[in-house]
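Protein chains: 2
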Amino acid sequence: MASKYVYFFGGGKAEGRSEMKALLGGKGANLAEMTNAGLPVPAGFTITTECCADYYKVGKKWPAGLMEEVKKNLATLEKVSGKKFGGSKDPLLVSVRSGAAASMPGMMDTVLNLGLNPDSLKAIIAATGNERFGWDAYRRFIQMFGDVVMGCEHHDFEHALQGVKEKYGAKQDTDLTADQLKVVVEEYLKVVRKDTGEEFPTDPMDQLAKAIDAVFGSWNNPRAIKYRQLNDIRGLMGTAVNVQAMVYGNMGNDCGTGVAFTRDPSNGENKFYGEYLMNAQGEDVVAGIRTPQPISHLESVNKTIYDQLVGIRNKLEKHYKDMQDLEFTIEKGKLFMLQTRNGKRTIFAAVKMAVDMAREKLITPEEAVMRIDARQLNQLFAPIFSADDLAACEKSGNLLTKGLNASPGAACGQIAFNADEAEAMAKSGKKVVLVRIETSPEDIGGMAVAQGILTARGGMTSHAAVVARGMGTPCVAGAGDVLIDYSKDQMVISGKTFKKGDWISINGFTGNVYGVKIEPKPSEILQVLDGKLDPKKSDLFQDYSQLMAWTDQFRKLGVRTNSDTPNDTVRAVKFGAEGIGLTRTEHMFFEGDRIISFRRLILVAETVKKLRDEHNAKNLDELKAACASCGKCCTEALEAVKQYEQALAELLPLQKNDFVGIFKALEGRPATIRLLDPPLHEFLPHDDAGQKEMSEKMGVSVAAIKQTVEALHEFNPMLGHRGCRLGLTYPEVTYMQVTAIMEAAVEIKKAGLKVQPEIMIPLIGNVNELKNQRAVAEEAIAAVFAKANMNKTQIPYKIGTMIEVPRAAVTADEVAEVAEFFSFGTNDLTQMGCGFSRDDAGKFLGEYVKLGIYDYDPFEVLDQNGVGKLVQMACELGRKARPDIKLGICGEHGGEPMSVEFCHRTGLNYVSCSPFRVPVARLAAAQAAIKEKKAGKGTPAKTTAGKVSAQTKKGKIMAKKTAKKAPAKKVAKKAPAKKVAKKAPAKKVAKKAPAKKVAKKAPAKKVAKKAPAKKKVAKKAAKK
Amino acid sequence: MASKYVYFFGGGKAEGRSEMKALLGGKGANLAEMTNAGLPVPAGFTITTECCADYYKVGKKWPAGLMEEVKKNLATLEKVSGKKFGGSKDPLLVSVRSGAAASMPGMMDTVLNLGLNPDSLKAIIAATGNERFGWDAYRRFIQMFGDVVMGCEHHDFEHALQGVKEKYGAKQDTDLTADQLKVVVEEYLKVVRKDTGEEFPTDPMDQLAKAIDAVFGSWNNPRAIKYRQLNDIRGLMGTAVNVQAMVYGNMGNDCGTGVAFTRDPSNGENKFYGEYLMNAQGEDVVAGIRTPQPISHLESVNKTIYDQLVGIRNKLEKHYKDMQDLEFTIEKGKLFMLQTRNGKRTIFAAVKMAVDMAREKLITPEEAVMRIDARQLNQLFAPIFSADDLAACEKSGNLLTKGLNASPGAACGQIAFNADEAEAMAKSGKKVVLVRIETSPEDIGGMAVAQGILTARGGMTSHAAVVARGMGTPCVAGAGDVLIDYSKDQMVISGKTFKKGDWISINGFTGNVYGVKIEPKPSEILQVLDGKLDPKKSDLFQDYSQLMAWTDQFRKLGVRTNSDTPNDTVRAVKFGAEGIGLTRTEHMFFEGDRIISFRRLILVAETVKKLRDEHNAKNLDELKAACASCGKCCTEALEAVKQYEQALAELLPLQKNDFVGIFKALEGRPATIRLLDPPLHEFLPHDDAGQKEMSEKMGVSVAAIKQTVEALHEFNPMLGHRGCRLGLTYPEVTYMQVTAIMEAAVEIKKAGLKVQPEIMIPLIGNVNELKNQRAVAEEAIAAVFAKANMNKTQIPYKIGTMIEVPRAAVTADEVAEVAEFFSFGTNDLTQMGCGFSRDDAGKFLGEYVKLGIYDYDPFEVLDQNGVGKLVQMACELGRKARPDIKLGICGEHGGEPMSVEFCHRTGLNYVSCSPFRVPVARLAAAQAAIKEKKAGKGTPAKTTAGKVSAQTKKGKIMAKKTAKKAPAKKVAKKAPAKKVAKKAPAKKVAKKAPAKKVAKKAPAKKVAKKAPAKKKVAKKAAKK
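So the sequence lines, in the order shown, correspond to chains A and B.
If you read the first sequence in the numbering used here, its first letter stands for residue 53, the second for the next number, and so on.
If you read the second sequence in the numbering used here, its first letter stands for residue 53, the second for the next number, and so on.
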């Protein structure tokens, strides 16, 4: 049990500080900080999150000492405010608010106007001279307290209120007079009696104690638990409770309330941004009954207050060095600050603000880099609608409605009302927007092919939203105005009817839905990268370039890309990739006619292998000689050998060409090329039609094909005949692939360009496999070199392996003797290490994360504690055996920020990820390095302490070198931020895309509104 | 390069010793040892195996200094023998023989009579006065040297010889006169000229150098490489070369040659055993042209020599302390010993000799235990034919032929000539003996259902032999007299015709084939264990019991059994199991009607789970309450819950009964019971008929069943929804199973018996899984205890886990916090650790072992270097977190001797294996402990040094305790060996089973005969 549970703030000073967020919650810590900074904050006190933890420890009871502390602080509060809590003369009323270290808006409980009872009500009326205000406050208090603390049914209150309104013919709550509100209070008190069998408490201290209990209790309500799960909030002690003197914005026209951001949260512009309403409560700003005014308008209404507010804005931004989200109230001409916190922002705003603030010297470049949420970064590259298109569309009345901006990006397509339809339409070449009331896992197929997804129900964390974000597909969710009638295959929005096949457009940045076809454009940054927009004309690109230049300056990890084609490679290089970490050569086998060649090879491979075994022949030449002389081999067998050779001969030049293209695109950067990996049956058709087609194309009987398909069937193909196991069985394929790689390299070299091929043998579990395949590869290389009259000094190749089989990880010292590099295939390492089939585990992994077995889906975020241990072990063993071994990762995790941080800590040389994630990886790598530096002056993480320090140093040097030649940095240098043209049209697109309305309410609030406990939550969210 | 390459022996002393086997080869070391022991050994010298290694190192050339050493030793040899090498007066002739540290009979090259040329030939004839002998020796030398050293075609010599024989009308080689042999020599010299273009060398030194070259070269001939692979001979430097003065057994009637064993190699009787022929060469003893005499007969022929031989026999056995396999030659009334080595023996003989020798104090009990090949031990339990039955059968002329004793055991069945037929017959309830010319992998199905396998072709290492031994199926291979005509579905043996369906019997111990039905009997030991034979009447059982008592005395590892039924458990306990290491509860789900109950559960499980999720219900009661009140759940949903509960209620008492039976059978020993493990789809029928049957039995539509089957389909079921993942998804199943276990335990306890249940949660990869399932289990246990008014002190249960997922191994410290024991599931750990699907890897694992990627199939012998590392890691981490954690293994490896040794070294507490392998494991565990003690005074292996010593001590204590109460020991004590009745009929069975003819030629020789290079090899095997 702690020695101090309560921290006071008020009267110009506070016991807390903003650094005490963990203990006081975000709200409490910032209220204290603002108080200390001399800002006008209503006095109050914060009960610590530790107290909440202790509350649960002792069985949901107040821990010893808490009551005394509360009473003492309440006394201080009375003293500072000069009022008496629930007193009968200008009484002190308080709000009781939750406030955890992480923002969980609307998830926990809040009670306002606490301390009201018949006596204090009279006093309030006397003090304010506003009877209606008094009774309105009282009825609100009863409803809120009754609901939150006493567990009354919300709808009973609604029902009672409705009855009174009907009785007096009042349309709005505001139409009710003071006397009518008295009736409401009477009815409310009846509701409390009926629902709880108790009287509504009149003792203020009793009210306070119960409210504090309720807030503590709300920490573990299912909604809050779920929210923390979904938003990945963990490791908190509990919620703090803030008890604060009430101030009122609705006491008259010299009162008001507002919400503001110190900069524009949608585009990042350095401009005071916000809205306010005079004679209103916070609730009213959000509720939308009255239209709030832009904050700048306040200047003309009350210049003193406005100037004071601007001063506070400046002070707070300087103080917190970040954009602040403020809440304020004006009570009888006096300004009170009720909250400040770092404001939520779009990625566009985040990038601009971070770079601007660094330019303003408000923060350092390191801090600027740390400001960006790496997981959000690639929203920068999502397709957008052009501002002109949107303007035209809105002008012509085609903006239909607005839902939640659930997954960023612009999409346009023809409507499909179910997943099968979507798949069918997509198959026939149509662009589809899938429109559903809600989506469910069965819709995955349709979601995958859709350009965008629109749902009528569900919040930011609904199935549609989560899956769409995962897929990178634009999604507008919970657009309540969309009325879908599946039976008629149509929907109605704002009176307009849309049929299946009609065109719509959705903007995942804003949540806007348009009833016409608007062609999405590539993002501004892509336009620049693709040479379609002058970089000087794009502020966004300038900011992005500056940011990325900084990341290259700070990061130690190299960043490569996974790419199988020249096009992808070009794109990745533009995104800053320093090479290829993984080229999957089998993808090339599927293209065009070559699948026929490869299938021919598969069909005869087994026969050839058997013959070779029979004749004890080391290679095809020996086999052919033996076959010819033994006399036993029938023509059919010799024909198989011929076909085998023919297939290899057909594939060689095709593969070579692929590699030439990739090497060219890399402009001298290294390329790790993985040899054939998947099981052979993946290349064969499994349905009758496909087999028949193959039979016709190849002149082989369907029966023979069926037989091969059956023979290649495996119970667990993941653990079957694949990877290097194929190369061991069919060494000619390895020989052909390596020949193709090296012949391509020779061609590049002869053209006077640099080339660095890295040949990667997949699925090694045992060093002997690698020895075997390395020997085949070296033989092929020697032959190519001999023919080209070249050697290793001209084409410095490497041979290495994937580490993806657990056995390879634990015997990595042996493997490293034969491997010049390791590339961690963390997808397979996760499959085998955790025993999860990626194709099957979906059935239970959701449950696993829900139950907290794994913190994250281990296929999305590297399981550092388990699979990560294997990676660390392999790194240590590998480096011990070969100190200069190159270590990288090429699994999906290579572009996932938390996993990138792990790779940094583990001392890998590089991460590799898909082209679009390259910037994400660069950013995450820089953040990891900065974090490490902050934590312990650049010493590596505990897990590998002392073992990788040499490497880390080396990494540093490498990182510096990289930074020097990183193209992005140059761009940034050439285009100083100040010169940016403010009116460039492209810029507008980016800036306008995230609509202003979003900024008004944090997305989470919106979630709350759509969540089952709808109104209740909303009400709580709208505190003050 | 070594400093000494050649070791001399002769003239009463030798430079070598028997301990120098690695350097001098077995033959060389023993020749030296015999020389030093004063035995009459022809003098000679041995070129070391190290020299062979150096020979290869310098590129198949003689290493520097070798020539000088050879010349020096040759000079000494001349001095000692008083003869001149290839000289023209009583010349010295030598044999040049290979001899590696491990016996590789017939695999490498040998040249006899070296030093002969026209001059020395004349001298030999002069010295012996035997012209025919001289010319015969010369023509043999030319043929052998021409073939082995010069690479002439063997059949060219045969052809030449045949020509001469035909010319002179000679039927046998022996019919040729000296003059005719001269012609043969001329023809042979022509062959050499023709095949090589060279003259046959006449310089003896030239001959010697070339012969030594040839022997070195033969170390790496494909035959020898293959033999080492097949017989698992590894780590040798090469072959030694023995150059030894020739002695001749065929110079006249005062000459002779023989082979003997110091004890009977087939039954172990302490009796001089062997055969000899006067005026003959070694070849003649083997060739079968003349019938050899039993060794005892020599006494009457030449008592002096016989007595000398018996003296040598006694001396050698005392010296080597093991049964010796001797070769001797009598030259002109003088005895020469040519070889001694430890003799090959049947397991019956091995057990008897080991125990006898220990009783005779010739060896210690430790040594006796080390003498038995643990891999052979369970041949003791294979079915046998009774001696009476065999005698009757042989008397009536029904012993048809004899093949190789390829896989031990007696089998009797109706003939099937192909695998499909065999399967069909077995399906219709018939007992089948599969008869094939040779078997191939396609025959596996038929081999698996057959009682026994008989093949006409193929040696001890043929497909049939290897597979049959693996399956434990009796097999007689390579019975050349069996003439099979597939087209007629019949075979002819010795003129008798057998049709498909006719009865035959085969004896895998002897290779005998009988043309009648002989009912196999259980092995003698099983008869005793099953109470059908008085232990006092079985010498074999007495010896076995004594041996096993010793193993229990020496071993530190506990031995448990894998058993799912009371019957198996009873058997295992009789075999010495100290508990159950693995009961697979799912096996019980398949029995009788319960599969219906379980299928019912599977059919509704998903619906129930969905409902539970929807209602956020923690258990079924909560769910039912929620369903009842929510009003949304349809009757169908509620029906699903009802069915789910019903299925669980049906299964509970059935499972409980299973456990009661097993607990009873264990008589208080601990039982590790694994909860449900396999994926659910394994329990459902996948074919239409099965689904229809299920639909009818359960009153569910076929469509619904099909849907569930489809929904449960997995791409990689090995890595899918199974093990604890099922328990996490369907906690009620865990609850039911644990309830059944504990209710059974309560019942046993209430009956006044001891019970130690150990609940094992399978497939843990993450400690959180275990926490979850442990909580469910503890809840169930608490409920059972509460109902029974009992507690943990009365029923000391444990909860632990399998370690079979690599992730669990590397996070074993975390897992151990929640697990009281680990049981290594090395089957799955191998699958996931190596990335091999057990069901699929067969396709390439053979190739893998052949290529030397893995030394053994990792599913047969634990992959110590890889999977073993995970095991060691888990042990260390586990013990660190929980020092008293119990560690065991329950994979198939638990009964494999090399793997058992690994488990011992790693400091496990116990191994667990199938009942029949329990004695094997006990023996292997004892051998491991003795080996360790010998190596380093009982310190544990390097890998876990210092970490498990505390454990090891504990293990010792445990082992002693176990030994004290081991029933087998008691039996041994009660029946002192001396009292054993010699004429007990049961004993005869065991003794006679391994036929005497086997002893005559080591099995490997037989292999050589049937191998492609048939005659050539045979000739070499028959040296002297």
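Built from N, CA and C at the ideal position, the CB exists for glycine as well.
Strand pairing of residue i, partner residues [DSSP]
i, result
"K938 (chain B)", "B:F873"
"K396 (chain B)", "Bridge partners of K396 (chain B): none, in fact."
"I505 (chain A)", "A:L486, A:C527"
"P253 (chain A)", "Partner(s): none; P253 (chain A) has no beta bridge."
"E379 (chain B)", "B:V311, B:Q391"
"R636 (chain A)", "A:R726"
"A66 (chain B)", "B:F61"
"T98 (chain A)", "A:Y59, A:N294"
Classification of residue i by the beta-carbon crowding that lies within 10 angstroms, buried from 16 upward
i, result
"F642 (chain A)", "exposed"
"N668 (chain B)", "exposed"
"A1002 (chain A)", "Because the pLDDT of A1002 (chain A) is 38, which lies under 50, any placement of that residue in the model is unreliable, and the question is left without a value."
For residue i, the first and last residue of its enclosing alpha helix (DSSP H)
i, result
"I757 (chain B)", "754-764"
"R427 (chain B)", "Element bounds for R427 (chain B): n/a, residue is neither H nor E."
"T878 (chain B)", "878-886"
"S546 (chain A)", "Segment: none, S546 (chain A) is in no alpha helix (DSSP H) and carries neither H nor E."
"A212 (chain A)", "206-220"
Element boundaries [beta strand (DSSP E), containing residue i]
i, result
"M330 (chain B)", "325-330"
"K109 (chain B)", "Run containing K109 (chain B): none in the beta strand (DSSP E); it sits in the alpha helix (DSSP H), 101-109."
"I285 (chain A)", "Element bounds for I285 (chain A): n/a, residue is neither H nor E."
"W555 (chain A)", "555-559"
"R245 (chain B)", "Premise fails: R245 (chain B) lies in the alpha helix (DSSP H), 230-248, not in any beta strand (DSSP E)."
Nearest-angstrom Cβ-Cβ length linking residue i and residue j, presumed shorter than 8 Å
i, j, result
"D377 (chain A)", "A402 (chain A)", "That belief does not hold up - the Cβ atoms of D377 (chain A) and A402 (chain A) are roughly 14 Å apart, past 8 Å."
"L145 (chain A)", "N165 (chain A)", "5 Å"
"R521 (chain B)", "S590 (chain B)", "Contact doesn't hold; Cβ gap of about 26 Å is too wide."
**Request:** Ignoring anything shorter than 4 residues or poking outside the stretch 410-495 of chain A, list the alpha helix (DSSP H) runs there in chain order.
**Result:** 417-423, 439-447, 471-479
**Item:** Uninterrupted beta strand (DSSP E) stretches inside the stretch 933-982 of chain B (no shorter than 3 residues)
**Value:** Segments of the beta strand (DSSP E) lying fully in the stretch 933-982 of chain B: 938-941, 962-965.
**Asked** Where are the beta strand (DSSP E) runs, 3 residues long or more, that stay fully inside the stretch 800-843 of chain B, in chain order?
**Response** Runs of the beta strand (DSSP E) inside the stretch 800-843 of chain B: 808-813.
**alpha helix (DSSP H) runs contained entirely in the stretch 644-715 of chain A, provided each spans 4 or more residues** = Counting only runs of 4 or more, we get 646-667, 672-682.
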